[in-house]
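Which chain is which? The protein sequence lines are A and B, in order.
With our numbering applied, the first sequence corresponds to residues 10 to 266, in that order.
With our numbering applied, the second sequence corresponds to residues 0 to 289, in that order.
Beta carbons are placed, not taken as given, at the ideal position from N, Cα and C, and that holds for glycine.
Here the structure is laid out as structure tokens; the discussion comes afterwards.
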Amino acid sequence: MPSAFRLDNVTRRYGSLRAVEEVSFEIKRGEQVALIGPSGSGKTTLIRLLNAMLSPDEGAIRVFDSDLDTCDAGELRRLRTTLATIPQHLGLVPTLTSIQNVILGQGGSRGTLRSLRDLLFPSRADALEIHTILDRVGIEEKLYTRVARLSGGQQQRVAIARALFQHPAALLADEPVSSVDPARARDTVKLLGELSAEHGFTLCVSLHDLALAREFFPRLIGMRKGRIVFDGAPDELGEEDQRALYDLSDEEMMADA
Amino acid sequence: MKADTGKYGLKRWVGAGLIVAFVLCARALGLTPGGLIPPDAGHWERTGAFFAAALDPAFDYEDENVPDEADPIWWKGIKGVFLTLKFAFGAMSLAVPTALVLGFLGSSAWWPEPCGRRARALLRSVYLVSRLFMSVIRSIHELIWALLFLSAMGVSPLAGMIALALPFSGTLGKVFSEIIDEEARDASQALKAIGHGPVQTFLVGILPRAMPNLVSYSFYRFECALRSSAVLGFVGIETIGLYIELSHEEFYYREVWTYLYLVIAMIVVVDLWGAAIRRRLHTSTGGCAI
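This is how it looks when you write it as structure tokens:
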């Protein structure tokens with residue numbers, strides 16, 4: 010399988026803070042990967058590097074067939090239309106309805122005027138497809154409900170539907186289940202895996218819940234303080250690795266106390 | 000003793016400083032409590048007449064020279080109220096689109112990401128210029144703009160409308176740009192991440208996201224525009240303020256009160272209407288988790 014994402018010695022700093030440091034890995038097309046690690050370990054920064062919202066200070070990133078450092082703004086935008094991203098706070102427009110939010114999934118490739126028309130007068134074909142997608146994610150009756158009126162779990166489904174309507178080559182999700190209860194979180198993660206298998210898109214999800222990541226993902230990439238400390242199958246993740254990932258060192262204990 | 004150097008100590012010093020500043024200002028302006036009392040019998044009489052007229056507003060003109068075929072005073076007042084409304088509405092119709100453009104230029108939520116150094120420098124200068132422009136036009140009061148425009152264009156309704164629209168564009172634009180930058184980051188980031196362009200992000204993501212607050216604030220400014228357009232009557236533009244000014248000049252206090260009561264009724268009605276709209280907007284975004 011050719012690669013979907015390839016990082017070579019990527020470093021990204023915020024001022025003096027190194028959010029991601031000398032990270033290298035490859036994700037194959039169609040692969041399902043969970044990014045794990047404590048908060049502040051660099052998962053969000055990594056996702057924003059993968060969808061080209063941030064450029065690295067050092068190192069090279071290749072996404073599908075594009076080297077990001079040689080892309081101009083237009084090429085980056087075209088590339089992003091093939092990468093669905095579900096940010097941590099979902100990034101929906103609460104004043105718009107579900108169908109309006111989902112239809113914006115293709116806004117990147119359709120352009121401004123078409124998007125405005127889509128918001129006001131969605132085509133029949135789009136409405137039918139979105140209805141099918143909402144049916145698949147379990148909220149088909151919420152097609153014309155304003156997103157602000159949906160529950161947290163339902164809003165999550167709208168965000169997933171927006172990603173699906175994009176027909177992405179890869180889906181990046183940043184802590185997609187951080188705001189729902191455990192049972193719902195499990196359903197959502199399971200659904201993302203199923204959808205990736207059904208549609209064949211590459212899936213990369215950051216999760217702070219290790220148990221969920223182990224249950225549903227064949228590959229885990231563990232991060233700690235911006236560096237990769239584990240990369241392998243869930244059953245290879247030993248106690249030593251978990252300590253390396255999550256245990257507080259003496260100095261962090263001191264800082265916490 | 001140590002507490003005095005802490006934040007309570009600081010608050011106490013600021014409080015004392017404000018009182019001292021007030022006393023110094025009052026002295027510099029020659030204010031005394033006795034200034035509240037009318038200085039002589041003539042002033043007493045006029046003050047008394049003015050407030051007595053509040054209980055006895057005019058239903059007929061006090062001015063005997065008004066021809067019989069003229070509109071009755073209450074009808075003239077109601078017409079004045081509608082002129083005032085028309086003025087405020089016209090000024091807001093100019094100010095809101097202008098403010099949207101200025102608010103767009105003076106906000107940063109729609110900027111492309113990642114943004115190259117040169118593009119960033121360019122966007123930043125556009126941002127600063129539009130912010131500066133908004134500060135300049137709103138730092139001059141509408142009455143002063145009106146004086147400028149009236150002397151340039153003569154007493155025309157258009158001059159008054161522009162004079163009102165200018166500072167209102169500045170205030171609206173500043174608040175619009177702040178609403179846009181504070182509220183819409185999440186949605187705009189998400190749309191940019193899936194390939195939406197900057198203007199597109201603004202139109203389909205940021206604007207709908209910020210719309211309830213933009214509408215609510217515009218409505219509040221419309222109420223302000225009403226009061227201001229009434230005041231523009233004092234420099235000769237035909238709103239209810241002009242009628243108040245003319246009656247007041249002739250000491251027809253009962254007429255003044257007729258007009259004032261109509262102004263109060265107009266403001267109360269518009270306030271109630273605005274409150275109802277704000278309530279609706281609030282419930283339409285209520286319970287929003289994002």
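With respect to SER107(A), VAL167(A) sits close: the two C-beta atoms are nearer than 7 Å.
In this model, VAL32(A) and PHE175(B) are separated by some 41 Å (Cα to Cα).
Chain A places a beta carbon closer than 7 Å to that of VAL203(B), counting this residue as a contact.
One alpha carbon belongs to SER150(B), the other to PHE250(B), and they sit about 28 Å apart. Here HIS140(B) has PRO166 as same chain residues with Cβ atoms under 8 Å from its own Cβ, once five neighbours each way along the sequence are excluded. GLY159(B) places its beta carbon 7 Å or farther from that of ALA98(B). Here VAL154(B) has GLY235 and ILE236 as same chain residues with Cβ atoms under 8 Å from its own Cβ, once five neighbours each way along the sequence are excluded. DSSP, read as helix, strand or coil, puts LEU229(A) in strand. Between the stretch 219–231 of chain A and the stretch 38–51 of chain A there are three or more C-beta pairs closer than 8 Å, enough to call the two in contact. Here ASP185(B) carries a helix assignment [DSSP, helix/strand/coil]. In the DSSP assignment, ASN18(A) falls within the beta strand (DSSP E) that extends over 12–23.
With 16 or more other CB atoms across the displayed protein chains lying within 10 angstroms of its CB, ASN60(A) is buried.
Straight-line measurement puts the Cα of HIS42(B) at about 12 Å from the Cα of GLY34(B).
LYS37(A) carries a strand assignment under DSSP once its states are collapsed to helix, strand and coil. Contact with chain A is absent for PRO197(B), since none of that chain's Cβ atoms lies less than 7 Å from the residue's Cβ. Taking C-beta separations shorter than 7 Å and ignoring five residues to either side along the sequence, the partners of ALA94(B) in its chain run ALA164, PHE167, SER168 and LEU171, following chain order.
Not one beta carbon of chain A lies nearer than 7 Å to the beta carbon of GLY159(B). When ARG155(A), LEU152(A), ARG145(A) and TYR23(A) are compared, the shortest CA-CA separation from HIS208(A) is found for ARG145(A). The residue among ARG193(A), ARG228(A), GLU248(A) and ALA253(A) with its C-alpha nearest the C-alpha of VAL238(A) is ALA253(A). A straight-line Cα-Cα distance of about 23 Å links ARG253(B) and LEU225(B). The beta-carbon separation of MET91(B) and ARG279(B), rounded to 19 Å, does not stay under the 8 Å limit for a contact. With a threshold of 7 Å between beta carbons, HIS176(A) makes no contact with chain B. As computed with DSSP, ASP81(A) is found in no beta bridge at all.
Chain A places no beta carbon closer than 7 Å to that of ARG130(B), leaving this residue out of the contacts. Contact between the stretch 111–123 of chain A and the stretch 192–208 of chain B is established, with three or more Cβ pairs separated by less than 8 Å.
Two segments are said to touch when three or more pairs of C-beta atoms, one from each, lie closer than 8 Å; by this definition the stretch 158–175 of chain A touches the stretch 185–198 of chain A. Bounds of the beta strand (DSSP E) holding VAL238(A) are 236–241.
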